[in-house]
Each structure stands twice: as structure tokens, then as C-alpha cells.
Amino acid sequence: MSAGLILFLKIALLFILAYFLGGVHFATIISKIKGVDIKTLGSGNPGTMNMLRNFGVKIAALTLILDALKGALPALLGYFLLHDNELLGGVMRNAPFWLGYYFPNGSKTGFYIGGISVIIGHMYPILKRFKGGKGVASSVGIFLVANPIITIIAFVIAFIYLYIGKYGSVASFIFLSITGISEIVLAIVFKDNLAVIILVASILALIIWAHRSNILRLFKGTESDINIRRQLQKKREGKLL
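Oh and the sequence shown: position 138 is 137 in numbering that gives the first Met the number 0, straight run, nothing missing.
Shown next, in the form of C-alpha cells:
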């Protein structure tokens, strides 16, 4: 088989596996174990923020971890399937370890092919009539394996805001802005494959589009407020599920 056909088959396999994994919504599974369906509560979104709003910090954290793992696995699989493919290889000259280029060879393209596939599956699952989540928690796992240092910094900043701030969607935008823009800038500076820039930008665009109603409510001043500190207090008072 030609190199091009082998590459196509690898990407097709990666997309199929990642897409259907993305359609597994841990928020729905966990909430049903608790005796309710998260899609009937709050915003109806099967994601970490809605779990935080209805169940509290511990259940939300479990949802975040599982969704992040769901994002990380296809990204890692994508890297190991595609990093040494000459048709996808980037240059990445003199890229320092601490900026996230810690794998020995090749481009980050594979990370983000796997990543965008799982995001699409999470947001538009065919087995659930294309009604899914917003993809932020899964993006945490994707960015974590692609660039752990910047992702951890971004997560800490977003967490601090979510603890003391007012809007969960703003915490998501803070995280995505730091990680996404950093990866795009690094890909440009260190001459990674153009596909990395396109894929990261596409992931950001998909997630922002999924938050379009949140953005409109923020501008109108009608976005629902939430933070970790308040939810901890509500849990102590027995006001959450």
C-alpha cells in the first residue's frame, strides 16, 4: 500500500474509535447511577458544570476526570499512530521541553486529529441523535497530553476563577484561551505542521460555538452564576442531590 493510503486508513481508524468514545457521556452515566438524568436538570447539558450545579464538587470532579481521560486517550493514540509519518511531520526545531515538546520525534498533529475526533463525538454523537455536551472537560485531557505544563497553569487559573468568580462559562473560556492560543503560537514559532494550527483553532471554534447561548447570556447579563465555594456551602446545607 502507498504511504498516502496507509495514512488515510490510520486517520480513519483513529476518527472512528475517538468519535464513538466521545459519545460516551460520563455525566449521564453518573447521574443515572444517582437516580436521575442530568439532561433533565439545570441546563440539560451532560457536562461538568451542570454536574457541579446539581450534584456538587465531588461528583463534578469525577465527571471532569473521566471526560478528560476520554479526551487524553484518543489524543495519545493519535500521536503514536501518526507522529512519525513523513506526510504529517513538523519541523519543531529547538523546541524546549518546558514548552510542551517532550516527545522525541515528529509533529503534534496526531494529538489534535485524535482530539478533534473525540470532541466531535462528544458534541454530536450519532447514537444520541447528535445531541451531546460542550467538550470543555474532554479538551482538558487533549491539551494535557499535548502540552502538560501550560495546561496545568491554565487549569489552575481557571479553577481559581471558578472558586471565587461568578460564571462557569468564563472559567471555561479562560482555560481555552490560554491553552489554545499558546499551542497555536508555539506551533508557529517552532514550525510545527500547519495542520496543528488548523486543528487547534477548529477545536476552539467548536467549543465556542457550543457555548454560543452562554456568550449571549453573558452579554445580556442573564448568565446563571455558579462557583465552587457556593456549591460547597450548598452541599453542606443539603441543597444538592
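Just so you know, even glycine gets a beta-carbon here, dropped at the ideal spot from N, CA and C.
Can you tell me the Cβ-Cβ gap for residue i and residue j, rounded? I've got them flagged as a contact below 8 Å.
i: Ser-65; j: Asn-53; result: Checking the displayed sequence, the identity of residue 65 turns out to be Leu instead of Ser. In fact, because the Cβ distance is near 17 Å, the residues do not count as touching under 8 Å.
i: Tyr-160; j: Val-169; result: 7 Å
i: Lys-133; j: Asn-44; result: 6 Å
i: Leu-175; j: Ile-225; result: Rounded, the Cβ-Cβ distance is 18 Å, inconsistent with contact.
i: Pro-240; j: Val-56; result: The displayed chain sequence assigns Leu, not Pro, to residue 240. Their Cβ separation, rounded to whole angstroms, is 13 Å, which puts Leu-240 and Val-56 out of contact at 8 Å.
i: Thr-47; j: Lys-38; result: About 14 Å; that fails the 8 Å criterion.
i: Met-122; j: Ala-209; result: 6 Å
i: Lys-69; j: Val-117; result: 6 Å
Using the beta-carbon count (16 or more within 10 Å), is residue i buried or exposed?
i: Thr-221; result: exposed
i: Glu-236; result: exposed
i: Val-195; result: buried
i: Ser-1; result: exposed
i: Lys-127; result: exposed
i: Phe-154; result: buried
i: Gln-232; result: exposed
i: Ala-204; result: exposed
i: Ser-137; result: buried
i: Leu-215; result: exposed
i: Ser-106; result: buried
i: Gly-3; result: exposed
i: Asn-213; result: buried
i: Lys-219; result: exposed
Going by beta carbon distance, what residues of the same chain come within less than 6 Å of residue i, once the five residues before and after it are set aside?
i: Ser-171; result: Val-135
i: Pro-103; result: Any reading at Pro-103 must be qualified, since the residue scores a pLDDT of 49, below 50, and its modelled position is unreliable; the value itself is stated next. None.
i: Gly-77; result: Leu-13, Gly-109, Phe-110, Ile-112 and Gly-113
i: Phe-25; result: Thr-62, Leu-65 and Asp-66
i: Ser-124; result: Just to set this straight, residue 124 is Pro in the shown sequence, not Ser. Cβ neighbours of Pro-124 beyond the five flanking positions: Gly-22 and Gly-131.
i: Gly-167; result: Met-48 and Ile-225
i: Lys-234; result: Gly-55
i: Ala-186; result: Val-195 and Ile-196
Please return the same chain residues whose Cβ sits closer than 7 Å to the Cβ of residue i, not counting the five positions on each side in sequence.
i: Leu-75; result: Val-144
i: Gly-120; result: Ala-17, Tyr-18, Phe-19, Leu-20, Gly-21 and Gly-22
i: Ile-115; result: Leu-198, Ser-201 and Ile-202
i: Ile-10; result: Ile-112
i: Leu-80; result: Lys-9, Leu-13 and Gly-109
i: Ala-71; result: Gly-140, Ile-141, Leu-143 and Val-144
Can you list, in chain order, the residues of its chain with a C-beta nearer than 8 Å to that of residue i? Leave out the 5 residues immediately preceding and following it.
i: Ile-151; result: Leu-143
i: Arg-228; result: Tyr-162 and Ile-163
i: Ile-156; result: Ile-173, Phe-174 and Ile-177
i: Ser-42; result: Met-48, Asn-49, Arg-52 and Ser-223
Continuous alpha helix (DSSP H) assignments of at least 4 residues falling wholly in the region 160-188: Qualifying alpha helix (DSSP H) stretches, in chain order: 167-188.
Pairing CB atoms from the region 138-152 with CB atoms from the region 169-188, are three or more of them under 8 Å? Contact annotation: the region 138-152 touches the region 169-188, with at least three C-beta pairs closer than 8 Å.
Taking three-plus beta-carbon pairs below 8 Å as touching, is the region 146-153 in contact with the region 21-36? The region 146-153, when compared against the region 21-36, does not touch it at the 8 Å Cβ threshold.
Continuous alpha helix (DSSP H) assignments of at least 4 residues falling wholly in the region 14-66: Runs of the alpha helix (DSSP H) inside the region 14-66: 25-32 and 47-54.
May I have a chain-ordered list of the alpha helix (DSSP H) segments no shorter than 4 residues that lie completely inside the region 111-160? The region 111-160 contains these whole alpha helix (DSSP H) runs: 135-145.
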